[in-house]
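Engineer: Just passing along the structure, written as structure tokens.
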Amino acid sequence: MQARKMLFAAIPSICALSSKKISIYNEEMIVARCFIGFIIFSRKSLGKTFKVTLDGRIQAIQEESQQFPNPNEVVPPESNEQQRLLRISLRICGTVVESLPMARCAPKCEKTVQALLCRNLNVKSATLPNATSSRRIRLQDDLGTKRADPIHRQLLSQKVLAALLSHEAALQERS
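Taking the numbering used here, the leading residue of the sequence shown gets 3, the next gets one more, and so forth.
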């Protein structure tokens with residue numbers, strides 16, 4: 003019944019009447035009618051499914067929110083006792099793990115790791131003198147190039163200046 007009321011209310015809003023009282027339907031009107039038809043159809047056929055789905059989701063959200071403690075709520079003493087027992091059991095698990103055979107071989111693993119790190123350090127320290135000497139040579143080359151460059155510029159500028167002066171002198175002699 004409500005679907006019919008919705009349909010009758012939607013028809014005047016969709017139809018545009020011309021001055022000659024002829025209904026004009028353009029693309030937007032057709033799309034709007036299809037959309038309203040889809041809404042009516044989905045409410046009739048899938049209304050219960052949507053309701054069940056949404057009710058299930060609401061219930062799941064409420065259950066999740068109940069899992070988190072409310073800060074305004076007073077914690078019962080049983081909860082504190084449970085937390086204390088949980089801490090004790092975690093400590094016991096730690097001591098059990100330490101007594102396992104794998105935990106006993108941990109010092110051997112630690113020695114192996116230390117040996118590996120020492121070997122890597124020895125390799126790096128052996129290659130360090132070569133790296134520093136090559137770096138030193140590269141630095142000397144860079145310094146030599148940078149020193150030679152200003153000297154080269156100075157000599158070039160002196161030659162250009164001398165050439166300009168000689169050219170000027172030659173011009174003065176001609177005149």
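Just so it is clear, CB atoms sit at the ideal spot from N, CA and C, and this is done for glycine as well.
What would DSSP say about Asn28, mapped onto helix, strand or coil?
Structural biologist: Residue state, collapsed to three classes: coil.
Engineer: Can you give the Cα-Cα distance for Arg93 and Gln85, rounded to whole angstroms?
Structural biologist: About 13 Å.
Engineer: In whole angstroms, give me the CA-to-CA distance for Thr55 and Gly49.
Structural biologist: Thr55 and Gly49: Cα-Cα distance of roughly 10 Å.
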